[in-house]
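Engineer: Here you go, one structure.
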Amino acid sequence: MLLRNTYVNWVRRMVEKFKVRMRELDPSERVNNFEEVALGYTKEEAIAEANRCLQCKHKPCVAGCPVGIDIPGFIKALREGDIEKSTRILKDANNLPAICGRVCPQEKQCEMACVVGKIPGSEPVAIGRLERFVADQNISLETTVKPSVNKRVAVIGAGPAGLTAAADLAKEGFSVTVFEAFHTAGGVLVYGIPEFRLPKEIVAKEVEFVKSLGVEFRFNQIVGRTIPFEEIKSEYDAVFIGIGAGAPRFMGIPGSNLNNIFSSSEYLTRTNLMKAYLFPMYDTPVKIKDRVAVIGAGNVTMDAARTAKRLGAKEVHVVYRRSEEEMPARIEEYHHAVEEGIVFHWLTLPVEYIGDINNNVTGMKCVKMTLGEPDDSGRRRPIQVEGSEFIMEVDMVIEAIGQTPNAILKAGFSTVRLNKWGNIDADEASGRVDEGIFAGGDIVTGSATVIEAMGAGKRSARAIKSYLLRKR
Amino acid sequence: MHAVLSKKRIAPDTYDIWLSHPDIYRYAKPGQFLIIRIDEFGERIPLTIASAEKDRVRVIVKAVGKSTYKLCAMHEGESVADIVGPLGNPSEIEKLGTVCVVGGGVGIAPLFPVARALKSAGNEVIGILGAANKDHLIMVDEFKPFLDRLYLSTDDGSAGVKGTVTNPLKEVIADYTPATIWAIGPMVMMKFVSLLAYQNDIPCWVSLNPIMVDGTGMCGACRVEVGGEMKFACVHGPEFDGRLVNWDELIKRQYQYREEERLALEKYVRELGEKDG
């Protein structure tokens, strides 16, 4: 009791400047398992953090949220102890709050706009952690679904965009069928993001919520391959395409087909979706090697590197051609990786893989880089330093350098207009592609974030609703 | 869930299995494959479609690893959890004149729909079927109605000519100059058929079945070098011109998980033993 009081007092003292810290598994312990690293707030911690919110009238945080959650509203209900009301406010705008509370880059969205964070030396309110806390209380709500409208909508892909669009449309009374390529729903939430960052049990619970709204799921269906897109188009009154950025990008340097070189998509799909981290209890294997290099510096790079560590790699090296400053990964994920002993090699570019007689990779020829003038992305362009070649000895490589549109898109959706990057050419505000056809998420924007895909799903659901009601 | 409707042993460790599926038959074309996941713990196994009829689909499976053993050990009435298909691009079937189809071992099964389609497209179809021995030579009678000529070969000479399929193939090339060759079988067989085709300047389709995970173009596990470019067998194939395939690399890639496969199989056999004992 005494200890607890001391703790609460400590929290109170810190309240003004800093976020209430979230407890985490110790790095030395967690590198040996796949348990969730961030442990979440207790009720006391959550209320202490909620008390830091200024309840601004102009709500700049809401404008920073791609799905427009009434953030001061849910925080107010939370600090008044009304978790049910808080949950209702969250779920009004966001069908998957337990997921967003864990994987959203809040520092670039709601928390970036937070007024508390603008006070010199102060951190913004930990909106993401509060969202997670409320969602994790698992308050089941009486979900209000409007009376049936007798219009059918097909949603292609059960990832963040598709699940959001499906849930919003079901709430409006439309009959929604989701077509999913895998045997389970979630898309990148189940095949990409590892268990230690987003437990699959949480995803399953959020999917259950979507099902509870009356959404029907058809698994193992690859529209454009196992079912013609034209058939879906003729059978449904509207279609939402949210199939994600489907194909891995490879650097394409010599030696790319050596053994033990993987795309991050393969490595993570084996580990997460197929549960290879539990091999041989599960049948799908994943390679375990001693010296692993992961190429890139995004969130997926961190996920792959931290997964390799947990699977038993002695050394994991992240290799990135730009510097720490340009790294696209969330700072929190980067810190977690550093704590877990991942080694970072900035301004380094692999130019060739070296293999042995059995076609197994044994090393990478790398060059050092320097930064020149800014390029199209506004980041300083990396330039090779002449004569800087060196060999990095590795026995496994994971390329985590992004994705391109899936080949099935071109062949199976031949009537859908594509842009110059091969993504679907959709209107930004509504996701409209064509009469009755809408699209959103990575297949429109290229690789982006879970919440951006959810925002797109939400905008399209709104546009589909007005399209169908007009058509009636 | 998809029920095992029938299962028949047609060669040592090789089974002819029909599974229930509501709509694969509506879309399946020769050359395409499906992916099966047996249960919650299962991996995704790519298998070429041998044929498809209303509400059911047929695969010929040879038990070589844990998953295929498990599948072959299933009884009629039991079910597999997931079937995805048809996947991959269909074979390019057209009237070419005289064509030759070459099947080796369990690769004879996926060759069957191709041969049948080539025959109904009006081609003169010459078939060469080969296996280790007479017992492993499958589906010969089923092929006969769709072949104008049939050659058999076995490694030990217990049926047809002794040796590999390339011996009768040399004869066929010399006597009939086929317009195109289709070859499905072990990688090494496809490699040497492709080499003969290259030497004789004949297009040669091979069906590749490399290691896959999703089978939908998402992961790149099945990547293969074809004509100097990186291709994914699952979405760009599975059929490629064998003359352009980097066989040596592909064969080595095929052995990547040998150790893990051995481990999984040993554990499975041990568990079976415990159950029986």
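Line by line, the protein sequences are chains A and B. Numbering-wise, the first sequence is residues 1 to 472 according to the numbering used here. Numbering-wise, the second sequence is residues 1 to 277 according to the numbering used here. The C-beta atom is built at its ideal place from N, Cα and C for all residues, glycine as well. Quick caveat, the model's predicted, so the values are computed rather than measured.
What residue from 108(A), 151(A), 102(A) has the CA that sits closest to residue 132(A)'s CA?
Structural biologist: Numbered from its first residue, the first sequence carries residue 132(A) at position 132. Closest by alpha carbon: 102(A).
Engineer: Whose C-beta lies closer than 8 Å to the C-beta of residue 418(A) among residues of the same chain, with five residues either side of it excluded?
Structural biologist: The residue given as residue 418(A) occupies position 418 in the first sequence. Closer than 8 Å at Cβ, skipping near neighbours: 405, 409, 410, 424, 425.
Engineer: Which of the three DSSP states is assigned to residue 162(B) in this structure?
Structural biologist: For the purposes of this step, residue 162(B) is identified with residue 162 of the second sequence, where counting begins at 1. In the structure shown, residue 162(B) sits in a strand (DSSP, three-state: E or B).
Engineer: For the stretch 244-267 of chain A, enumerate the residues whose C-beta is nearer than 8 Å to any C-beta of chain B, in chain order.
Structural biologist: Result list: 246, 247, 248, 250, 252, 256, 257, 259, 260, 262, 263, 265, 266.
Engineer: Using a Cβ cut-off of 8 Å, pull out every chain A residue sitting near residue 217(B), in sequence order please.
Structural biologist: Locating residue 217(B) in the second sequence gives position 217, where the first residue counts as 1. Simply 246, 247, 406, 407, 408.
Engineer: On the DSSP bridge assignment, give the partners of residue 154(A) in chain order.
Structural biologist: For the purposes of this step, residue 154(A) is identified with residue 154 of the first sequence, where counting begins at 1. Paired residue(s): 177(A), 239(A).
Engineer: Note down, in chain order, all residues in the stretch 244-269 of chain B with a beta-carbon under 7 Å from any beta-carbon belonging to chain A.
Structural biologist: Result list: 249, 252, 253, 256, 257, 260, 263, 264, 267.
Engineer: At least one CB of chain B closer than 7 Å to the CB of residue 434(A): is that the case?
Structural biologist: The sequence position of residue 434(A) within the first sequence is 434, counting from 1. Output row for residue 434(A): interface = no.
Engineer: Counting only beta-carbon separations shorter than 7 Å, does residue 283(A) have a partner in chain B?
Structural biologist: Start at 1 with the first residue of the first sequence, and residue 283(A) comes out as number 283. Closer than 7 Å to some Cβ of chain B, the Cβ of residue 283(A) qualifies, so yes.
Engineer: For the candidate residues 186(A), 441(A), 166(A), whose alpha-carbon lies nearest to that of residue 178(A)?
Structural biologist: For this step, residue 178(A) is matched to residue 178 along the first sequence. Considering only alpha carbons, the answer is 166(A).
Engineer: Let me see if you follow: with CB-CB separation under 7 Å, is residue 56(B) close to chain A or not?
Structural biologist: Within the second sequence, numbered from 1, the residue matching residue 56(B) stands at position 56. At a cut-off of 7 Å between beta carbons, residue 56(B) makes no contact with chain A.
Engineer: Run down chain B in chain order and give the residues with a C-beta less than 7 Å from the C-beta of residue 181(A).
Structural biologist: Numbered from 1 along the first sequence, position 181 holds the residue referred to as residue 181(A). Neighbours of residue 181(A) on chain B, chain order: 216.
Engineer: Could you give the residue range of the alpha helix (DSSP H) that holds residue 72(B)?
Structural biologist: Stepping through the second sequence from its first residue, residue 72(B) is reached at position 72. Unbroken alpha helix (DSSP H) run through residue 72(B): 66-72.
Engineer: Helix, strand or coil, according to DSSP, for residue 454(A) in the structure here?
Structural biologist: Looking up residue 454(A) in the first sequence gives position 454. Residue 454(A): helix per DSSP, three-state reduction.
Engineer: Of all the alpha helix (DSSP H) runs that stay within the bounds of the stretch 50-102 of chain A, which reach a length of 4 or more residues?
Structural biologist: 60-63, 71-79, 83-93
Engineer: Opposite residue 248(A) in the DSSP bridges: which residues?
Structural biologist: Looking up residue 248(A) in the first sequence gives position 248. BP columns for residue 248(A) point to 403(A).
Engineer: Could you say which of 235(A), 413(A), 293(A) lies nearest to residue 363(A) if we only look at CA atoms?
Structural biologist: Taking the first sequence and counting its residues from 1, the one referred to as residue 363(A) is at position 363. Residue 363(A) has its Cα closest to that of 293(A), out of 235(A), 413(A), 293(A).
Engineer: Please work out which residues of its chain come closer than 6 Å, Cβ to Cβ, to residue 111(B), disregarding the five sequence neighbours upstream and downstream, and give them in chain order.
Structural biologist: The residue you call residue 111(B) lines up with position 111 of the second sequence. Cβ contact annotation for residue 111(B) (same chain, cutoff 6 Å, sequence separation greater than five): 101, 103, 184, in chain order.
Engineer: Tell me the DSSP secondary structure of residue 346(A) in three-state form.
Structural biologist: Numbered from 1 along the first sequence, position 346 holds the residue referred to as residue 346(A). Three-state result, residue 346(A): coil.
Engineer: Roughly how many angstroms lie between the CA atoms of residue 149(B) and residue 208(B), to the nearest whole one?
Structural biologist: Within the second sequence, numbered from 1, the residue matching residue 149(B) stands at position 149. Within the second sequence, numbered from 1, the residue matching residue 208(B) stands at position 208. Taking the straight line from one Cα to the other gives about 25 Å.
Engineer: Which whole-angstrom value is the C-beta distance of residue 157(A) and residue 242(A), which I expect to be below 8 Å?
Structural biologist: Here the question's residue 157(A) lines up with position 157 in the first sequence. Here the question's residue 242(A) lines up with position 242 in the first sequence. Sure, about 4 Å apart at Cβ, within 8 Å.
Engineer: Identify whether residue 13(A) lies in helix, strand or coil by the three-state DSSP scheme.
Structural biologist: Looking up residue 13(A) in the first sequence gives position 13. Summary for residue 13(A): the model assigns pLDDT 49, below 50, so the residue's position carries little reliability, and this model does not support an answer.
Engineer: What are the partner residues of residue 230(B), as DSSP defines its beta bridges?
Structural biologist: As a first step, residue 230(B) must be located in the second sequence, where it is residue number 230. Note: residue 230(B) sits in a beta bridge opposite 225(B).
Engineer: By Cβ distance below 8 Å, which residues in the same chain neighbour residue 12(A) in space, the five residues on each side in sequence not counted?
Structural biologist: Looking up residue 12(A) in the first sequence gives position 12. With a pLDDT of only 46 at residue 12(A), under 50, the local geometry of the prediction cannot be trusted, and the value read off the model is given with reservation. Contacts found: 48.
Engineer: Between 368(A), 213(A), 338(A), 148(A), which has its C-alpha nearest residue 391(A)'s C-alpha?
Structural biologist: Within the first sequence, the letter at position 391 stands for residue 391(A). Among 368(A), 213(A), 338(A), 148(A), the Cα nearest to that of residue 391(A) is on 368(A).
Engineer: Starting from the N-terminal side, write out each stretch of the alpha helix (DSSP H) that is 4 residues or longer and does not extend beyond the stretch 163-240 of chain A.
Structural biologist: Within the stretch 163-240 of chain A, the complete alpha helix (DSSP H) runs of at least 4 residues are 188-191, 200-212, 229-235.
Engineer: Might you give, ordered along the chain, the residues of its own chain that have their beta carbon closer than 6 Å to the beta carbon of residue 436(A), omitting 5 neighbours on each side?
Structural biologist: In the first sequence, residue 436(A) corresponds to position 436, counting from 1. Taken in chain order, the residues that qualify are 238.
Engineer: Could you check which residue in 55(A), 36(A), 327(A), 155(A) has the C-alpha nearest to that of residue 306(A)?
Structural biologist: Translated into the one-based positions of the first sequence, residue 306(A) becomes position 306. For residue 306(A), the nearest C-alpha among the options comes from 36(A).
Engineer: Distance cutoff 7 Å, beta carbons only. Does residue 221(B) sit that close to anything in chain A?
Structural biologist: As a working mapping, residue 221(B) is identified with position 221 in the second sequence. Residue 221(B) counts as touching chain A.
Engineer: From residue 8(B) to residue 75(B), what does the alpha carbon distance come to, in whole angstroms?
Structural biologist: On the second sequence, position 8 is the one that residue 8(B) refers to. On the second sequence, position 75 is the one that residue 75(B) refers to. Cα to Cα, residue 8(B) sits roughly 10 Å from residue 75(B).
Engineer: In the DSSP output, what is residue 317(A) paired with across the bridge?
Structural biologist: The residue you call residue 317(A) lines up with position 317 of the first sequence. According to DSSP, residue 317(A) bridges with 293(A), 343(A).
Engineer: With a threshold of 16 other CB atoms inside 10 Å of the CB of residue 81(A), please say whether the residue is buried or exposed.
Structural biologist: Taking the first residue of the first sequence as 1, we reach residue 81(A) at position 81. By the 10 Å Cβ count, residue 81(A) comes out exposed.
Engineer: State the start and end residues of the unbroken beta strand (DSSP E) segment that holds residue 3(B).
Structural biologist: Counting from 1 along the second sequence, the entry for residue 3(B) is found at position 3. Looking at the DSSP string, the run of the beta strand (DSSP E) that includes residue 3(B) is 2-11.
Engineer: Count the C-beta pairs between the stretch 139-151 of chain A and the stretch 84-91 of chain A that are closer than 8 Å, then say yes if the count reaches three, no if not.
Structural biologist: Under the Cβ criterion (8 Å, minimum of three pairs), the stretch 139-151 of chain A counts as touching the stretch 84-91 of chain A.
Engineer: Does residue 269(A) have its Cβ less than 7 Å from a Cβ in chain B?
Structural biologist: Translated into positions along the first sequence, residue 269(A) becomes position 269. Residue 269(A) counts as touching chain B.
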